[in-house]
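Oh and the sequence shown: position 68 is 63 in our numbering, straight run, nothing missing. By construction, the Cβ of each residue, glycine as well, lies at the ideal position given by its N, Cα and C atoms. On a predicted model such as this, the values are computed, not experimentally measured, just so you know.
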Amino acid sequence: MENMHETQFLVTPQGRRLAYHLTDGTAPAIVFLGGFKSDMAGTKAVFLEKWARDSGRAFLRFDYSGHGQSGGEFTDGAISDWFADACAAIGLLAGQVVLVGSSMGGWISLLVARQMPERIAGLVTIAAAPDFTEDSMWASFTDAQKAEVMAGQTALPSEYGAPYIITRRLIEDGRTQLVLREPLALPFPTRFLQGTADADVDMQVALRLLDHADGADMRLTLVDGADHRFSDDACLRLITQSVEDVLTAPS
-4 MENMHETQFL VTPQGRRLAY HLTDGTAPAI VFLGGFKSDM AGTKAVFLEK WARDSGRAFL
56 RFDYSGHGQS GGEFTDGAIS DWFADACAAI GLLAGQVVLV GSSMGGWISL LVARQMPERI
116 AGLVTIAAAP DFTEDSMWAS FTDAQKAEVM AGQTALPSEY GAPYIITRRL IEDGRTQLVL
176 REPLALPFPT RFLQGTADAD VDMQVALRLL DHADGADMRL TLVDGADHRF SDDACLRLIT
236 QSVEDVLTAP S
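This is the structure in structure tokens:
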């Protein structure tokens, strides 16, 4: 189900080469921000793109550096790099956008929203994982793993394929990008989606985010039995319904 359009590339202000697919249509454009070691060819991104095309809505999906078809090595990257990549990708678009952030993309989308709130027409997060390098990874590491990371890197098993290589830079850089430690204003329609059977992001993270953020129109939907992939037919429909919801919500 790859996009019929050719993959395009942009070079960020930092000199990184990013792959992206841009569908023309009405504004505000929908921007999909993927997860940690994920890519723009995933089920949710491609499904949303087809929905946007069918709706005549502008849509952008892209790969962070070190992910998918973009340049760079995954192990060279960190949250601040991928945040900068997202800002560069959004720079392709004029006017306001609706961000759809999945897992790590949820954290990235919150950073974007904090950096440029005037550009954001709405936000939808899917199993958002804000501050996961600190609150999930570092907090759960054994003393031996912490020592390994501080010496350079450690490997974490992944049910999605090869182990995740977690670098010292990823952990230390993550501490400079935390969003749950200081006020977080979301002054636009916001929908948080979370599965109750998510083994990667605990439901408590979604509840903490809802409690921590400040906005006049924020809602959290918990889906009983949904896992971290959040990509069965019912979950995909809920994502598009949530995007439609923020598009039509009073500003």
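According to DSSP, is Pro112 part of a helix, a strand, or is it coil?
Taking the first residue of the sequence shown as 1, we reach residue 112 at position 117. Of the three classes helix, strand and coil, the one that applies to Pro112 here is helix, per DSSP.
Nearest CA to the CA of Ala124: which residue from Trp102, Leu55 and Lys32?
Taking the sequence shown and counting its residues from 1, one reaches residue 124 at position 129. Residue Trp102 is the option with its Cα nearest to Ala124.
So the candidates are Gly10, Thr2 and Leu179; which of them puts its Cα closest to the Cα of Leu105?
If you number the sequence shown from 1, residue 105 lands on position 110. Scanning Gly10, Thr2 and Leu179 for the CA closest to the CA of Leu105 turns up Leu179.
At what residues does the beta strand (DSSP E) containing Arg248 begin and finish?
Limits of the chain in this structure are -4 at one end and 246 at the other, which puts residue 248 out of reach.
Taking C-alpha atoms, which residue in Val218, Ala142 and Asp168 lies nearest to Thr70?
The count along the sequence shown starts at 1 and reaches residue 70 at position 75. Of Val218, Ala142 and Asp168, the residue nearest in Cα terms is Asp168.
Taking only three categories from DSSP, how would you classify Gln64?
For this step, residue 64 is matched to residue 69 along the sequence shown. The DSSP-derived three-state label of Gln64 is coil.
Report yes or no: do three or more beta-carbon pairs, one from the region 38 to 51 and one from the region 111 to 119, lie closer than 8 Å?
no
According to the neighbour-count rule (16 or more other Cβ atoms, all chains shown, within 10 Å of its Cβ), is Pro152 buried or exposed?
Taking the sequence shown and counting its residues from 1, one reaches residue 152 at position 157. So Pro152 counts as exposed.
Taking 8 Å as the limit between beta carbons, can you name the residues of its chain near Arg170, skipping five residues before and five after?
Taking the sequence shown and counting its residues from 1, the one referred to as residue 170 is at position 175. Taking Arg170 as the centre and dropping the five residues before and after it, the same chain places the C-beta of Thr128 and Glu129 closer than 8 Å to its C-beta, in chain order.
Is the region 24 to 38 close to the region 76 to 93, with three or more CB pairs under 8 Å?
A contact between stretches requires three or more CB pairs, one per stretch, nearer than 8 Å, and the region 24 to 38 meets this requirement with the region 76 to 93.
Hey, Ala122 and Gly190 are a contact pair by Cβ (cut 8 Å); roughly how many whole angstroms apart?
If you number the sequence shown from 1, residue 122 lands on position 127. If you number the sequence shown from 1, residue 190 lands on position 195. That belief holds up - the Cβ atoms of Ala122 and Gly190 are roughly 6 Å apart, short of 8 Å.
Hey, out of Gly96, Gly147 and Pro23, whose CA is closest to His223's CA?
Stepping through the sequence shown from its first residue, residue 223 is reached at position 228. For the residues Gly96, Gly147 and Pro23, the minimum Cα distance to His223 belongs to Gly96.
By how many angstroms is the C-alpha of Asp58 removed from the C-alpha of Ser65?
Reading the sequence shown from its first residue, position 70 is the one you call residue 65. Reading the sequence shown from its first residue, position 63 is the one you call residue 58. Looking at the two C-alpha atoms, the distance is approximately 6 Å.
What number of angstroms, rounded off, separates the C-alpha of Val6 from the C-alpha of Thr21?
As a first step, residue 6 must be located in the sequence shown, where it is residue number 11. As a first step, residue 21 must be located in the sequence shown, where it is residue number 26. Answer to the nearest angstrom: the Cα atoms are 25 Å apart.
If we ignore side chains and look at the alpha-carbon of each, how far apart do Ala53 and Asp19 end up?
Position 58 of the sequence shown, counted from the start, is the residue given in the question as residue 53. Position 24 of the sequence shown, counted from the start, is the residue given in the question as residue 19. Straight-line Cα distance between these residues: approximately 5 Å.
Report the three-state DSSP secondary structure of Gly101 (helix, strand or coil).
Mapped onto the sequence shown, residue 101 falls at position 106. Gly101 falls in the helix class under three-state DSSP.
Fully enclosed by the region -3 to 81, which alpha helix (DSSP H) runs are 4 residues long or longer?
38 to 50
Let me know if Gly86 comes out buried or exposed under the rule of 16 or more other beta-carbons within 10 Å of its beta-carbon.
In the sequence shown, the residue the question calls residue 86 occupies position 91. Gly86 comes out exposed.
Starting from Gln199, trace the alpha helix (DSSP H) in both directions and tell me its first and last residue.
If you number the sequence shown from 1, residue 199 lands on position 204. First-last of the alpha helix (DSSP H) with Gln199: Met198 to His207.
Lys141: which of Glu44, Leu118, Phe225 and Arg163 sits nearest, CA to CA?
Residue 141 sits at position 146 when you count from the first residue of the sequence shown. Out of Glu44, Leu118, Phe225 and Arg163, Arg163 has the C-alpha closest to the C-alpha of Lys141.
Could you check which residue in Val93, Gly90, Trp77 and Ala108 has the C-alpha nearest to that of Met99?
The residue labelled residue 99 in the question sits at position 104 within the sequence shown. Per the Cα distances, Trp77.
Could you tell me if Ser60 is buried or exposed, where buried requires 16 or more neighbouring beta carbons within 10 angstroms of its beta carbon?
Here residue 60 refers to the residue found at position 65 of the sequence shown. When all chains shown are included, Ser60 counts as buried.
Which residues bound the alpha helix (DSSP H) around Thr128?
Mapped onto the sequence shown, residue 128 falls at position 133. Judged by DSSP secondary structure, Thr128 falls outside any alpha helix (DSSP H); it is assigned neither H nor E.
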